[in-house]
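Input: a single structure, listed below in structure tokens.
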Amino acid sequence: MRHFPRFLALLAAIILAGCGKPDFSDAEKKTVASLALSTLPSLKPDSTNRFADVPAAAALGSTLFFDQGMSRDGTVSCSTCHKIDRQFQDDLPQAVGVGHTNRRTMPLAGVARDPWFFWDGRRDSLWAQALTPLENPLEQAGNRTAYAHYMKTRFGERYERIFGPLPDFSGMPLNASPLGTDAEKAAWNAMSDTQRNALNGVYANIGKAIAAFERSIEPAPTRFDRFALDLGTGAEAKGDAAFSQEEILGLKLFIGKANCVTCHNGPRFTDNSFHNTGVPPVADLPPDRGRIDAVRQVEADPFNCLGAYRDGDASACGELRFMVKDGPQLIRAYKTPSLRGAATRPPYMHAGQFSSLEEVVAHYAKAAPSVEGTSEIHPLELSDRERAALVAFLKTLTE
Amino acid sequence: MASLWRYLLAGLGLAALLVGILAVVYLTAPRSSQPAGPDVSRTKNTDNGLFVASFLPERGVVRQGELESWLLTLKTKAGAPVEGAAIAISGGMPQHNHGLPTSPQATDYLGDGRYRIEGVKFTMSGWWQLHFAISATAGSDTVLFNVVL
Chain A
1 MRHFPRFLAL LAAIILAGCG KPDFSDAEKK TVASLALSTL PSLKPDSTNR FADVPAAAAL
61 GSTLFFDQGM SRDGTVSCST CHKIDRQFQD DLPQAVGVGH TNRRTMPLAG VARDPWFFWD
121 GRRDSLWAQA LTPLENPLEQ AGNRTAYAHY MKTRFGERYE RIFGPLPDFS GMPLNASPLG
181 TDAEKAAWNA MSDTQRNALN GVYANIGKAI AAFERSIEPA PTRFDRFALD LGTGAEAKGD
241 AAFSQEEILG LKLFIGKANC VTCHNGPRFT DNSFHNTGVP PVADLPPDRG RIDAVRQVEA
301 DPFNCLGAYR DGDASACGEL RFMVKDGPQL IRAYKTPSLR GAATRPPYMH AGQFSSLEEV
361 VAHYAKAAPS VEGTSEIHPL ELSDRERAAL VAFLKTLTE
Chain B
1001 MASLWRYLLA GLGLAALLVG ILAVVYLTAP RSSQPAGPDV SRTKNTDNGL FVASFLPERG
1061 VVRQGELESW LLTLKTKAGA PVEGAAIAIS GGMPQHNHGL PTSPQATDYL GDGRYRIEGV
1121 KFTMSGWWQL HFAISATAGS DTVLFNVVL
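Written out as structure tokens, the structure reads:
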């Protein structure tokens, strides 16, 4: 019997090794693999913006992105809210530009892969998106005519090298826009169609340059991706790629009982779609009905895919052509945000309603009905341990 | 020699234990696929038997999250192509109680009873339903196709 202790030790070692190795079903492994960053396809060309992959355009776009001259009072740039060292967001419940807006700033990693922009999808391309805050009185608060003049004065040569000659500005007002003040609207209406079209063309090019820059902002691999890679190959996870029991439980809940993966799917953890999940409105903010109101806005946008300023042909406009235009499911529906990096950028939801991931998980577990429209989510029985595990898993989606 | 036997016995015991553990793990593992899924056949008689309809992805594969074109082929019972049909499409995910994320439309008639259905997009894995209301000179009928991703 002198070998018995050795036998016991061997048995213990085998059992312990079995416990340490995460145990996933084939279906679970398949789902985990579908979430890994390694499955993210390379960025598709954007045929609606023929400058999308032109380096000089991206360089000009980057200059414009950080330039506070791109605002009415010279104090606000894209980077005021999309902070480069903060995942291109601002940590505030609602963005503050020239004024206080009613929506949370969205981070930009992988933004060029979105079919719809803003929380409600009121724009259908990255370049059309970039134009919207420039004229929003609460954000950069400028007007397209002033931006076109600024382009000529400040960046004339760089602009013309990329986009060709700027229009003749003689006889054009300094400030004019169909979306501006009454005086700016009057000035806009007083111009000829040719002048308005020329200004819109310059304005669209500003958006196309900024979009070319933003295409370079991509998600980085996280602890989860290293774990997923090892799970896929069957290699033993080492270092920070090894998940704790709590993180494994959280991942299993995420792709299982908690149904998170229903909407937060694919390598960006988003279905790029709009859902009412019963997130409550914020008191004192203007009424916000989400997607239902954005449909008319994107249809009316002269810079949308079916408009005159798109490059390429209309075959790129499928999302706009086949969008759902009506229906109760659009009421208070907001875009599914990516969860990559979410753990380090509270507050959460479209108006920063929740200050921690714990609150977010509690909201989805409770599934309170929506103030308007119908919430798609259903109550979940989650123990305190399971809630903590979900939060622990979400934290693995950071570098 | 006795110790060798003991090693062999211990080895056998361990192997049996391992088989036991594996069996328990396998038997208690959650079943992800439903045993009886919806009917996913790609060719069906329409609900009132007016037409035979086939619904297939134009490029042969279905990819989650992408706008895709599908082909709806309509034939009469006798096998003649149904031409000039008006087609209305609706659908959704019955288990999630929501509709389609896009509004697919019949955009082209390709001849031989084939209609191109553009704007089909499945944003989630799971059970989707596409419902077609078909109106042609022979009459009106409906058909439902299930797609499971």
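Protein chains in written order, with the working numbering: chain A, 1 to 399; chain B, 1001 to 1149.
All C-beta atoms, glycine included, are put in the ideal place defined by N, C-alpha and C.
Values in this document were obtained by computation on a predicted structure and should not be read as measured data.
Checklist entry - Counting only runs that start and end within the segment 88-148 of chain A, where is the alpha helix (DSSP H) found for 4 or more residues in a row? => result Within the segment 88-148 of chain A, complete alpha helix (DSSP H) segments of at least 4 residues are found at 126-135, given in chain order.
Next on the checklist: Please report the straight-line C-alpha distance between residue 1085 of chain B and residue 1141 of chain B, rounded to a whole angstrom.
Outcome noted: Going by C-alpha positions, residue 1085 of chain B is about 11 Å away from residue 1141 of chain B.
Checklist entry - Can you list the residues of chain A that residue 1105 of chain B reaches, using a CB-CB cut of under 7 Å? => result Per Cβ cutoff of 7 Å: 322.
Next on the checklist: Quick check: the Cα distance between residue 124 of chain A and residue 1113 of chain B, rounded to an integer number of angstroms?
Outcome noted: A straight line joining the alpha-carbon of residue 124 of chain A with that of residue 1113 of chain B spans about 34 Å.
Checklist entry - Which same chain residues, not among the five before or five after residue 103 of chain A, have their C-beta less than 7 Å away from its C-beta? => result Result list for residue 103 of chain A: 94, 95, 119, 350, 351, in chain order.
Checklist entry - The alpha helix (DSSP H) spanning residue 55 of chain A covers which residue range? => result Start and end: 55-65.
Next on the checklist: With H, G and I counted as helix, E and B as strand and the rest as coil, what does DSSP make of residue 335 of chain A?
Outcome noted: Residue 335 of chain A falls in the strand class under three-state DSSP.
Next on the checklist: Suppose contacts are defined by Cβ-Cβ distances below 8 Å. Is residue 129 of chain A in contact with residue 71 of chain A by that definition?
Outcome noted: The answer is no: Cβ separation not under 8 Å.
Next on the checklist: Whether or not the segment 1041-1054 of chain B and the segment 1095-1104 of chain B are in contact is what I'm after, with contact meaning three or more pairs of Cβ atoms, one per stretch, closer than 8 Å; do they touch?
Outcome noted: Counting Cβ pairs under 8 Å, fewer than three are found: no touch.
Checklist entry - Is the shortest distance between the beta-carbon of residue 1030 of chain B and the beta-carbons of chain A less than 8 Å? => result Confidence at residue 1030 of chain B is low in this model, with a pLDDT of 49, below 50, so the placement of that residue should be treated as unreliable; the coordinate-derived value is given next. Judged by the 8 Å Cβ criterion, residue 1030 of chain B is in contact with chain A.
Checklist entry - Under the three-state reduction of DSSP, which class applies to residue 1051 of chain B: helix, strand or coil? => result If DSSP states are grouped into helix, strand and coil, residue 1051 of chain B belongs with the strands.
Checklist entry - How is residue 389 of chain A classed by DSSP in three states: helix, strand or coil? => result Shown here, residue 389 of chain A sits in a helix according to DSSP, grouped into three states.
Item to check | For residue 1143 of chain B, the nearest candidate out of B:1132, B:1080, B:1075 (CA to CA) | outcome: Minimum Cα distance to residue 1143 of chain B is reached at B:1132.
Checklist entry - At what residue ranges does the segment 268-334 of chain A contain a whole run of the alpha helix (DSSP H), taking only runs of 4 or more? => result Whole alpha helix (DSSP H) segments, 4+ residues: 291-300, 318-321.
Checklist entry - Listing by chain order, which chain B residues have their CB less than 7 Å from the CB of residue 329 of chain A? => result Against residue 329 of chain A, the close residues of chain B are 1098, 1099, in the order they occur along the chain (beta-carbon pairs closer than 7 Å).
Checklist entry - Between the beta-carbon of residue 380 of chain A and the beta-carbon of residue 258 of chain A, is there less than 8 Å? => result In contact: residue 380 of chain A and residue 258 of chain A (Cβ atoms closer than 8 Å).
Item to check | Selection from A:304, A:149, A:138 that minimises the alpha carbon distance to residue 80 of chain A | outcome: Nearest option by C-alpha distance: A:138.
Next on the checklist: Looking only at its chain, what residues have a beta carbon closer than 8 Å to the beta carbon of residue 231 of chain A, apart from the 5 residues adjacent to it on each side?
Outcome noted: Counting only Cβ-Cβ distances below 8 Å, and skipping sequence neighbours, we find 22, 24, 29, 32, 33, 237.
Checklist entry - Along the segment 1047-1076 of chain B, what residues have a CB closer than 8 Å to any CB found in chain A? => result Listed by position, the residues of the segment 1047-1076 of chain B near chain A (Cβ gap below 8 Å) are 1064, 1065, 1067.
Next on the checklist: For residue 1098 of chain B, list the residues DSSP reports as bridge partners.
Outcome noted: Its beta-bridge partners are B:1093.
Checklist entry - Under a CB-based cut-off of 8 Å, is residue 304 of chain A close to chain B? => result No, because no Cβ of chain B sits closer than 8 Å to the Cβ of residue 304 of chain A.
Checklist entry - How about residue 1125 of chain B: is its C-beta nearer than 8 Å to some C-beta of chain A? => result Interface residue, yes.
Next on the checklist: For a quick check, are the C-beta atoms of residue 250 of chain A and residue 392 of chain A less than 8 Å apart?
Outcome noted: Contact check for residue 250 of chain A against residue 392 of chain A passes: the beta carbons are separated by less than 8 Å.
Item to check | Segment limits, alpha helix (DSSP H) that includes residue 246 of chain A | outcome: Unbroken alpha helix (DSSP H) run through residue 246 of chain A: 245-255.
Next on the checklist: Let me check understanding here. Comparing Cα to Cα, which of B:1148, B:1065, B:1138 lies closest to residue 1120 of chain B?
Outcome noted: Nearest option by C-alpha distance: B:1065.
Checklist entry - Applying a beta-carbon distance threshold of less than 7 Å, which residues of chain B neighbour residue 246 of chain A? => result The contacting residues do not exist; residue 246 of chain A stays about 19 Å from chain B at best.
Item to check | Extent of the continuous beta strand (DSSP E) to which residue 1109 of chain B belongs | outcome: Going by DSSP, residue 1109 of chain B is part of the beta strand (DSSP E) stretching over 1105-1111.
Item to check | Spatially closest choice to residue 266 of chain A from A:363, A:110, A:26, A:168, by CA coordinates | outcome: Closest by alpha carbon: A:110.
Checklist entry - Is there at least one Cβ from chain A nearer than 8 Å to residue 1119 of chain B's Cβ? => result Against chain A, the CB of residue 1119 of chain B has a partner CB under 8 Å away; the residue lies at that interface.
Checklist entry - Helix, strand or coil for residue 169 of chain A per DSSP? => result In the three-state scheme derived from DSSP, where H, G and I count as helix and E and B as strand, residue 169 of chain A is classed as coil.
Item to check | Within 8 Å, strictly: CB atoms of residue 132 of chain A and residue 305 of chain A | outcome: Not in contact: residue 132 of chain A and residue 305 of chain A (Cβ atoms no closer than 8 Å).
Next on the checklist: For residue 335 of chain A, would you say it is in contact with chain B, using Cβ-to-Cβ distances shorter than 8 Å as the test?
Outcome noted: At a cut-off of 8 Å between C-beta atoms, residue 335 of chain A does not count as an interface residue with respect to chain B.
Checklist entry - Hey, is the segment 49-66 of chain A in contact with the segment 209-221 of chain A, meaning 3+ C-beta pairs nearer than 8 Å? => result Yes, the segment 49-66 of chain A touches the segment 209-221 of chain A.
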